[in-house]
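The sequence shown: position 314 = 314 (my numbering), numbered continuously. Idealized CB from N, CA, C, for every residue including glycine. Given the structure is predicted, the values throughout are model-derived calculations rather than measurements.
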Amino acid sequence: MRVLVLLNRIPWPIKDGGTLAHYNLIAGLYKQGCLLTIAAINTQKHFINPETLPHAFTKLGKLHTSYLDNRIKPIAAFRNLFSKKSYHIERFDDYKFANMLTNLLQNETFDWIICDGLYVTPYLSIIKKYSKAKVWLREHNIEFEIWETLALQTKLPIKRWYLKHLAQKLKNYELQILNEFDALIALTNYDKNRLVNLGCIKPILELPVGVELVRTQINAQPQPFSVFHLGAMDWQPNIQAVTWFVENVWSKVITKIPQAVFYIAGKNMPDSFAKYQSKSIKIIGEVDDAIAFMQSKQVMVVPLLAGSGIRVKILEGMSIGKAIVSTSLGAQGIYTDNAILIADSASDFANCIVELLNNTEQAETLGANAKRIAFEKYDNNKVMEQLLNFYNTL
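What follows is the structure, encoded as structure tokens:
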């Protein structure tokens, strides 16, 4: 089967959950025998020279890409205030990529086209004009809800108004585009039900992000009394989550375990986080090997307060047997029974961390349960089989 996957970035190197989700989709389809073509926007923010891509990536399929500088520009953002278009979407709508895609579709035939995320949906009209393939959308999040939540949690009135404005236009676009696809993939049951409630009448497959379990089999002794957060630190919900954790949770942990250390890791660390550097808080920034970093620490925290979809880093953490503490929102869509501790208040979150740091046996049991569940439910091979089985029913 000939499959075209559209991406809003080249998913290499694998440095964050979003990249991993993109990569594991194309790698999984490749392993299932699909003949892949990848059309990816090469943005300024995530730019990579295609000539430097390793064989592990290039073997997956033919890559077609074009450069786009879609950084937020004050003048363009101001002009958009007077437009009905969503600025979030407008930033990914590029004539060079559109021309490249048009040429590709005029010269090649596909059985199935997957738009992997909302930000490549501006090209749906081109796809429908030049291809007879079935076109699916994989929704990584209910995107507008992230911005609605961030707006509600913003204290500055003018910033709150602006975020609400952005969220409303994104909502209008997102709700309009959903039913233009032949089918959708939702990463969680919450997202699937939400899409239905928002008016989606097309078939929806609930399908989590799969994890390549073989790649994660590394053994290491974790540093005692170590806690970590790992995630892309240019994503607003992660910035908000870590800020809340540092300012509301960590002091409660240190009061009970003074020797505990919190490590904050992830690419594009905001300069403002330097103020948190201390004896008990270490700002690491981007790490070369995420799995090795996670293995070296004792407890993983996911204090998300906004967002939907599924947290890929949790799945990776589960697959290597990490003890994890998360908010309900952070663990949304993940099977958590006896595998993840859930805490939604600062006090409960701190108490869970203290409990795991002081009781290594409990932490190991929790991690072992998490690893078992990861192998049972989130093995990428099994996830891709579910995807292809659903495709064959339509």
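Let me know the secondary structure DSSP gives His88 once reduced to three states. Working through the sequence shown from its first residue, we reach residue 88 at position 88. Looking at His88 - three-state DSSP - the assignment turns out to be helix.
Taking the C-alpha atoms as reference points, what is the distance between Arg215 and Lys313? Position 215 of the sequence shown, counting from 1, holds the residue named residue 215. Position 313 of the sequence shown, counting from 1, holds the residue named residue 313. Here Arg215 scores only 49 on pLDDT, less than 50, and its place in the model should not be relied on; the value that follows carries that caveat. Cα-Cα distance, rounded: 14 Å.
Smallest Cα separation from Met384: which of Val211, Lys267, Ala346, Pro237? Residue 384 sits at position 384 when you count from the first residue of the sequence shown. Nearest of Val211, Lys267, Ala346, Pro237 to Met384, Cα basis: Val211.
Using a Cβ-Cβ cut-off of 7 Å (strictly less than) and excluding sequence neighbours within five positions of Ala350, which residues of its own chain qualify? Taking the sequence shown and counting its residues from 1, the one referred to as residue 350 is at position 350. Only Val249, Lys252, Val253 meet the Cβ criterion.
Checking 7 Å against the spacing of the C-beta atoms, do Glu145 and Leu170 come in under that value? In the sequence shown, residue 145 corresponds to position 145, counting from 1. In the sequence shown, residue 170 corresponds to position 170, counting from 1. No, the pair does not count as a contact, with Cβ atoms beyond the cut-off.
Quick check: what's the CA-CA separation for Leu68 versus Ala77? For this step, residue 68 is matched to residue 68 along the sequence shown. For this step, residue 77 is matched to residue 77 along the sequence shown. Rounded to the nearest angstrom, the two C-alpha atoms are 17 Å apart.
Using only CA atoms, which one of Gln176, Ile291, Thr43 lies nearest to Asp94? Along the sequence shown, read from residue 1 onward, the residue named residue 94 stands at position 94. The candidate whose alpha carbon is nearest that of Asp94 is Thr43.
Is there contact here, the segment 13 to 23 with the segment 368 to 383, by at least three beta-carbon pairs under 8 Å? no
What residue range is occupied by the uninterrupted beta strand (DSSP E) comprising Ile75? Position 75 of the sequence shown, counted from the first residue, corresponds to residue 75. For Ile75, no beta strand (DSSP E) segment is defined; the enclosing uninterrupted segment is the alpha helix (DSSP H) at 74 to 80.
Which residue wins for smallest C-alpha separation from Asp182, given the options Thr188, Trp112, Glu148? Numbered from 1 along the sequence shown, position 182 holds the residue referred to as residue 182. It is Trp112.
From Leu63 to Leu53, what does the alpha carbon distance come to, in whole angstroms? Within the sequence shown, residue 63 is the residue found at index 63, counting from 1. Within the sequence shown, residue 53 is the residue found at index 53, counting from 1. About 10 Å.
Gln240 (DSSP reduced to helix, strand or coil): In the sequence shown, the residue the question calls residue 240 occupies position 240. The answer is helix: DSSP assigns Gln240 an H, G or I state.
Among the residues of its own chain, which have a CB less than 6 Å from the CB of Ser66, if the five just before and after it don't count? If you number the sequence shown from 1, residue 66 lands on position 66. Contacts found: Lys96, Phe97, Met100.
Please classify Trp235: does DSSP put it in a helix, a strand, or coil? Taking the first residue of the sequence shown as position 1, residue 235 is located at position 235. It is coil, neither helix nor strand.
Beta carbon of Tyr123 nearer than 7 Å to that of Asn8: Mapped onto the sequence shown, residue 123 falls at position 123. Mapped onto the sequence shown, residue 8 falls at position 8. In this structure, Asn8 does not lie closer than 7 Å to Tyr123 by Cβ.
Classify Met294 as helix, strand or coil using the three-state DSSP reduction. For the purposes of this step, residue 294 is taken as the residue at position 294 of the sequence shown. The answer is helix: DSSP assigns Met294 an H, G or I state.
Output yes or no for whether 7 Å exceeds the beta carbon distance between Val209 and Ile310. Sequence index remark: in the sequence shown, residue 209 carries index 209 (1-based). Sequence index remark: in the sequence shown, residue 310 carries index 310 (1-based). Result yes, Cβ atoms of Val209 and Ile310 sit closer than 7 Å.
Close beta carbons around Ile14, own chain, < 7 Å, minus the five adjacent residues each side: Mapped onto the sequence shown, residue 14 falls at position 14. Excluding residues within five positions, the ones whose Cβ falls inside 7 Å are Leu20, Tyr23.
Counting along the chain, where does the alpha helix (DSSP H) carrying Ala21 start and finish? Along the sequence shown, one-based indexing puts residue 21 at 21. Segment 17 to 31, the alpha helix (DSSP H) holding Ala21.
According to DSSP, simplified to helix, strand and coil, what is Thr149? Indexing the sequence shown from 1 puts residue 149 at position 149. Helix, per DSSP.
So what does DSSP say about His140, is it helix, strand or coil? Counted from its first residue, the sequence shown places residue 140 at position 140. In the three-state DSSP reduction, His140 falls in the coil class, being neither helix nor strand.
Could I get the ranges of all uninterrupted alpha helix (DSSP H) runs contained in the segment 292 to 339, with 4 residues as the minimum, in chain order? Correct list: 312 to 319.
Apply the 10 Å Cβ neighbour rule to Thr360 and answer buried if 16 or more other Cβ atoms are within range, or exposed otherwise. Stepping through the sequence shown from its first residue, residue 360 is reached at position 360. Thr360 comes out exposed.
Own chain residues within Cβ distance below 6 Å of Glu286, not counting five before or after: In the sequence shown, the residue the question calls residue 286 occupies position 286. Closer than 6 Å at the Cβ level, and outside the excluded window around Glu286, lie Lys267.
Considering Glu364, what are the terminal residues of the alpha helix (DSSP H) in which it resides? The residue given as residue 364 occupies position 364 in the sequence shown. Start and end: 360 to 377.
Helix, strand or coil for Ile353, going by three-state DSSP, please let me know. Along the sequence shown, one-based indexing puts residue 353 at 353. In the structure shown, Ile353 sits in a helix (DSSP, three-state: H, G or I).
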